[in-house]
Every structure is written in C-alpha cells, then in structure tokens.
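There are 2 protein chains.
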Amino acid sequence: MSTSSGFPIGELIKQFQLTRILKGDPQTKSIALLGTINQENAIVSLEKSHFITDELNFQLEQLIEEIVTINHNDIYYWSNATLTQNLTKLPSAKVNLIYPATETHIKKYDEQKTHYVVETPEMYNKYVVPYIEGMKGDRIKWVYNILFEGKESETFVHHDTDPESGFVLLPDMKWDTINMESLYLCAIVNRKDISSVRDLNESHLPFLINLEKVIRAVTTQKFPVNSDELRIFIHYQPSYYHFHLHIVNIRHPGLGDGIAVGKAILLEDVIENIKLVGDYYQRRKIGYILGENHGLWNTEGYREDHLNSIKEKI
Amino acid sequence: MSTSSGFPIGELIKQFQLTRILKGDPQTKSIALLGTINQENAIVSLEKSHFITDELNFQLEQLIEEIVTINHNDIYYWSNATLTQNLTKLPSAKVNLIYPATETHIKKYDEQKTHYVVETPEMYNKYVVPYIEGMKGDRIKWVYNILFEGKESETFVHHDTDPESGFVLLPDMKWDTINMESLYLCAIVNRKDISSVRDLNESHLPFLINLEKVIRAVTTQKFPVNSDELRIFIHYQPSYYHFHLHIVNIRHPGLGDGIAVGKAILLEDVIENIKLVGDYYQRRKIGYILGENHGLWNTEGYREDHLNSIKEKI
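From first to last, the protein sequence lines are chains A and B. Everything in the first sequence is counted per this note's numbering, starting at 1 for the first residue and increasing by one. Everything in the second sequence is counted per this note's numbering, starting at 1001 for the first residue and increasing by one.
(1) Does the distance from the CB of Leu1211/B to the CB of Phe1148/B come in under 8 Å?
(2) Assuming Leu1185/B and Asp1172/B are in contact, meaning their beta carbons sit under 8 Å apart, how far apart are those beta carbons, in whole angstroms?
(3) Going by DSSP, which residues form a beta bridge with Phe1167/B?
(4) For Met135/A, which residues of its own chain have a beta-carbon under 8 Å away from its beta-carbon, when the five flanking residues on both sides are left out?
(5) Answer with yes or no whether the minimum CB distance from Phe16/A to chain B is below 8 Å.
(6) Any residues in the region 1095–1114 of chain B with a beta carbon nearer than 8 Å to a beta carbon of chain A? Which ones, in chain order?
(7) Using the C-alpha atoms, what's the distance from Glu11/A back to Tyr116/A?
(8) Would you report the Cα separation of Glu1047/B and Glu1152/B, rounded to the nearest angstrom?
(9) Tell me, to the nearest whole angstrom, how far the beta carbon of Ser1087/B is from that of Val1044/B; I am working on the premise that it is less than 8 Å.
(10) Just mark Asn38/A as buried or exposed, buried being the case when its beta carbon has 16 or more other beta carbons within 10 Å.
(11) Can you tell me where the beta strand (DSSP E) holding Lys1094/B begins and where it ends?
(12) Which ranges would you report for the alpha helix (DSSP H) in the region 220–284 of chain A if only whole runs of at least 4 residues count?
(13) Provide the residue span of the alpha helix (DSSP H) that contains Ser1153/B, from first to last.
(14) Under 8 Å, Cβ to Cβ, is there at least one residue of chain A near Ser1004/B?
(15) Return yes when the Cβ of Ile250/A is within less than 8 Å of the Cβ of Glu272/A, no when it is not.
(16) For Ala1032/B, name the three-state secondary structure that DSSP assigns.
(17) Give the residues from the region 1236–1247 of chain B that approach chain A closer than 7 Å (Cβ to any Cβ), ordered along the chain.
(18) Using a C-beta to C-beta distance shorter than 7 Å, which residues of chain A count as neighbours of Tyr1116/B?
(19) What three-state label does DSSP hand His115/A in the structure shown?
(20) Less than 8 Å separating the beta-carbons of Val1315/B and Val277/A?
(21) On the three-pair Cβ rule with 8 Å, is the region 1020–1033 of chain B touching the region 1104–1115 of chain B?
(22) For Asn293/A, count neighbouring Cβ atoms within 10 angstroms of its own Cβ and tell me buried if that reaches 16, exposed if not.
(23) Using 8 Å as the limit for Cβ to Cβ distance, is Ser92/A near chain B?
(24) Kindly indicate if chain B contains any beta-carbon less than 8 Å away from that of Gly166/A.
(25) Of the residues Lys275/A, Ile289/A and Tyr281/A, which one's Cα is nearest the Cα of Val261/A?
(26) Check whether the Cβ atoms of Arg283/A and Pro121/A sit closer than 8 Å, and answer yes or no.
(27) Counting only beta-carbon separations shorter than 8 Å, does His1050/B have a partner in chain A?
(28) For my contact list, Ala187/A and Ile146/A are in at a C-beta cut-off of 8 Å; report their separation, rounded to the angstrom.
(29) Starting from the C-beta of Met1123/B, find all residues in its chain whose C-beta is less than 6 Å away, skip the five residues before and the five after it, and write them out in chain order.
(30) Can you tell which of Ala1101/B, Val1095/B, Glu1268/B and Thr1053/B has the C-alpha that lies nearest to the C-alpha of Glu1040/B?
(31) For Gly258/A, which of Pro238/A, Asp269/A and Glu268/A has the nearest alpha-carbon?
(32) Assuming Thr161/A and Asn190/A form a contact by the criterion Cβ under 8 Å, report the distance between their Cβ atoms to the nearest whole angstrom.
(33) Taking the C-alpha atoms as reference points, what is the distance between His246/A and His158/A?
(34) Can you tell which of Leu267/A, Thr84/A, Gln17/A and Lys275/A has its C-alpha closest to the C-alpha of Ser203/A?
(35) Check Gly295/A in the structure and name its three-state DSSP category.
(36) Please classify Ile178/A as buried or exposed, where buried requires at least 16 neighbouring CB atoms within 10 angstroms.
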C-alpha cells in the first residue's frame, strides 16, 4: 500500500491492527472493521465504488482488465473479472475511518447474528405474549405522544381522531420528505388493542379495509404517486408493539430487510388471509428473521423451542 | 483486456459494441449494458464483487493498494482507494453476458416503470394462464438442459433424478460461489407440471415438504451454514414458468425486490397456507410488483382489469 504524502488517512491505516470484522454487506459490497491504531480503537469501513457510467466515454473493453469464465449455458455466460483502477478518476472503494472510536461507534457498526425462526402458535403464547407485555408502557410513550399529545403533528399527512377507526399518517424518520422515489410514510392507529398481526382476526376486517382505503386515498391525494405504486405492509416482529403500517413507494431503492419476506407482510395479504380463514394469524406458524440482540432471542426457553421447530424440517 | 485462452466470454466481450446503458444501481454497484456482438444483441451486466472477509487472512494493508484522503473532520476521515485484485482469488467484478439476447431479455434489464398489481383468480385465468403457455418451449430450453442434459452438472450441489420428487440444486448465476454470506442457490424441480405458485394445492404438500427437507439437509451439509440461516422462497411472477426455488443466506441483507414482499413468497408460507386451505393459491388475490416491460402488462385487457381492481380499494 502506498499513500499520498501529507494526507493523514493512509498513514493511520498503515498502523491499523485488525481486531475483528464488525459486519459485511454483500449487497452494498461494504465491510466494517474494528481494530486499533496506537492502542486506541478505530473503525475502518470500506465500500466498493459504483461504476461510472458516463455513456459517451464508457468503454467496456477499457473497464475490464482481465476476465475468466465461471461457466456458461446456452446463451448465458458468467465470469469474474479484474477492473481498471485509477486513484482519482476510477477508485475501487471508499474508505472511511473513525479514530479514536467509542463503544457507541462500535455497537452501531457491530453485526448481530440472525436466525430464521419459525414461530408456532405455542411459541407465540409462551414467549411473545409476555415479551410484548414488557414492551408496553414507557417504551411506547413516544407513540402515544404522537397519537394523543400532538407530538410531530406539524408533519402529519392525515389525522383522524376517532378512537376506533382513526389513525395518524406521517412521514417516516427514514424519509427525507423530498425524494418521491423513496416516499416512506407510517400509519399509527389510535386503538391500543392490537399489538401485532397475531392479534388480528375476522372482527378486524372492516377496520383493516377502511385503513387501506383511507391510506391509499390520502397518500395519492397529497403526493404525486398512484395507488398502484404503493407497497403497504406491516412487520412481524415489529419494532414496537402498537399496530402500525409502512407505506412505501414501490420504487424505493434498497430498504434491505424492511421489505423482505421473513419480516414484512403486505396489508393486502393480511386482509385476504383473514377473509379466507378468520383466525389465520392465530393458527399459522410464522417465519421471521430475528437478531441475537432481540429480547425474544434472550428469553429463557425461546431459543430451544426455535431449534426444535427448525430441526423438525430436516 | 486479456482473456484466459479457451474460455469464450473474454473473446465475446472484446467484440461488444455498446448501444446504451440499460440501468445502473448505485446501491448494489451494478450496471447492465445493451450492445451488439457480431450484429446481434447482447447484454452485459457487471456487478462489483463483495469483499472477501476471511478473518484469519484478512489484512487491510494488503487489500488497499493506494489511498487518497477526501476530507476529515474531528475523528472522522473519508477517502478513496484502489484495491489489490486477483482474477481467481480476488476478482473485482462479476460479469454476466447474455448473447444473443432477445427482446424479452432486453426488457427485463431495461429501466422501467413498475406497478403494484392485485391479481384476482379471474385475472390469473384470463391473462396469466395463456401468457405462461407462450413462455414455455424454447424459452426454457436452458432449464431442461440443466435438468436432463447434464448442463452445468459440474456445479450441482445435489441431483435427484426422480421424475416426480427429484430436483437439481445448484449455485445461482448471481452468486460468486466463494462468499458464504451471499450464498445463493437455486433448486429446479424435475417435474414439468408446476408453472408457478398458482398451480400448487394440497396434493403437492408431501412434495413441497420433502423439497424443503432435502434442500435444508443438503445445503447445511455442503456449506458452512445452519438451517435457521436460510431464506427459502419462490417468486410470483417468476422469471421463468418452471417451478424453482431460491435459497439464500439470511445475511444477504437485501437482494432488492428479489426478497421483497410483492415478489418473494417464503416456501414456509406456501406450505402452511396450503395446509390451512387446500386451494389457497387458486382462491387468493395475489399482489405483486410488475414492470411495464413485462409481457403481462402488455397483454390486452390486463392493464384495465388491474386498474379496476386497484380502484376498488379507494
């Protein structure tokens, strides 16, 4: 490794001693490393650079340095390649350094191991119900502040105060509120008796159908987006146990696990499933991805029952 | 550009004449190019490779070739770098080629407007069934090449030739076959009578349960991954109408729409739904994201029925 003299990052990175890899993301092609520089913690994160697609000057032959076929079948060929690089015009990666890094920085970048859990109704009743009880009260005070105390009300897209059918529709924290392609709204219902999808049954059908109707009507009226450009879904497990929905532009790039099967469930699916089987969500095994830092994972007995339920599949 | 002799892709790519850039995705660091080789259409797609994080041998100093600081502020530094490359051990990109490419291929890779379609059973019978018929024959010859002609058989992870219950398990084209975090396998069944999830009913339960069982057993035996680290799903609409499954490491954190609700359906969900309601997939409205270039979107009447079905929701 050579560094341009006078610039500090190269000199610092030369001294970086790896402690461990915090996380890697094959989708965005990025990694975060924990290590030390001069006995102090440091975090180095690397992310591969995007291709520069200046159409006029783009030359595939100049971009590819060497290429080796992995395989081919009929008209399909796939291969690995090395690419032409240039530090200033065609870099291969962005490298960020935090030095010295605090414990908070480390936790933020640290990856937790995740598992695909197949939750049976029995597991739900045994572990999730008591867990949810412990997640109420002060932990969702911020939700009640929005619903009943006017918190964030200046951002409300819609507010219906009816205690049964009403809800607040507001921009999600993740949305910059500008870029319509990444439109991300959140609907939080006023009623307090639905903690998660597991509580929903045929008695909620009119409530859910009306919810979808109003969300679609208001969103398409207030924003330049069509009803068939919305992905409306919930999460199981949700991040807080007060019924809420996510409303996202279907073109939103890169929501990761937030819209993935094993976490997201379309409102459409919820409604249609309950129409078919009234107690669908009380009877179904539900699979979801759970991180080891999640409270449920650390509930006594939960892990063993999970392992038994997944073992049955082999 | 130099190519390893005896491998065809390098020679073909040397002759590639760019027509236009079909799409670029800065999140996944990938681009798709339309061009010609010998006057015939060809699509080259490139995707940057993920970092190889073999903790024991990982050396930041060996990975970074040159580095130049962009800026720094307090404890935060950011910079650009060039990286060490090696064609076989440390490639920089995966390069796929489709040649000759049909209009269907071009449409699939082209940037396009998308819609959330709520497909009723009536729409399925009226539009999708005839559409699927037209997508058989030569269009899935490559699938039969794999299943019955030994194509790609050197890469097979598993091969059970039983015409009813058998299937091939092999690395998906999207996987570099090296990085376990992005493990991506594909299971293609031998039987030809299942075009999509819409064909599945209670008669397929033993078949599907066995499929999941064997996939989990073989995958965890052949690769350093646990059963509860696998996300197993199908697509609706699928990209080809011969029943196949996707098997992905749950840590592959976002494959874009590939694992999103509105396209991906967990095998788990399929099995549990059919257990609850035998003709679940014949009775359900199914919502999915569809691009305007998709053949279905351009089927007469389909669009109107879609708009009517989404209008009912407002």
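Idealized CB from N, CA, C, for every residue including glycine. These figures come from a predicted structure and were not determined experimentally.
Working from what's here:
(1) no
(2) 6 Å
(3) Val1189/B
(4) In chain order, Tyr240, Tyr241 and Gly295 place their CB closer than 8 Å to the CB of Met135/A, counting only its own chain and leaving out the 5 sequence neighbours on each side.
(5) So yes, Phe16/A belongs to the interface.
(6) Val1095, Asn1096, Leu1097, Ile1098, Tyr1099, Pro1100, Ala1101 and Thr1114
(7) 42 Å
(8) 22 Å
(9) One point to set straight first is that residue 1087/B is Leu, not Ser, in the sequence displayed. The Cβ separation is near 18 Å, so there is no contact.
(10) exposed
(11) Start and end: Ala1093 to Ile1098.
(12) Listed in chain order, the complete alpha helix (DSSP H) runs (minimum 4 residues) inside the region 220–284 of chain A are 267–276 and 280–283.
(13) First-last for Ser1153/B: undefined, no H or E at that position.
(14) With a pLDDT of only 40 at Ser1004/B, under 50, the local geometry of the prediction cannot be trusted, and the value read off the model is given with reservation. With 8 Å as the cut-off, Ser1004/B counts as an interface residue toward chain A.
(15) no
(16) strand
(17) Those residues of the region 1236–1247 of chain B placed with their C-beta closer than 7 Å to a C-beta in chain A do not exist.
(18) Asp228, Glu229, Leu230, Arg231 and Ile250
(19) strand
(20) With chain B covering only 1001 through 1314, there is no way to say anything about residue 1315/B.
(21) yes
(22) Asn293/A counts as exposed, since fewer than 16 other C-beta atoms from the protein chains shown sit within 10 angstroms of its C-beta.
(23) Put simply, the CB of Ser92/A is near chain B, with a gap under 8 Å to one of its CB atoms.
(24) no
(25) Ile289/A
(26) yes
(27) So, interface residue.
(28) Approximately 11 Å separates the beta-carbon atoms of Ala187/A and Ile146/A; this is outside 8 Å, ruling out the contact.
(29) Asp1305
(30) Ala1101/B
(31) Pro238/A
(32) Sure, about 7 Å apart at Cβ, within 8 Å.
(33) 14 Å
(34) Lys275/A
(35) Looking at Gly295/A - three-state DSSP - the assignment turns out to be coil, as it is neither helix nor strand.
(36) exposed
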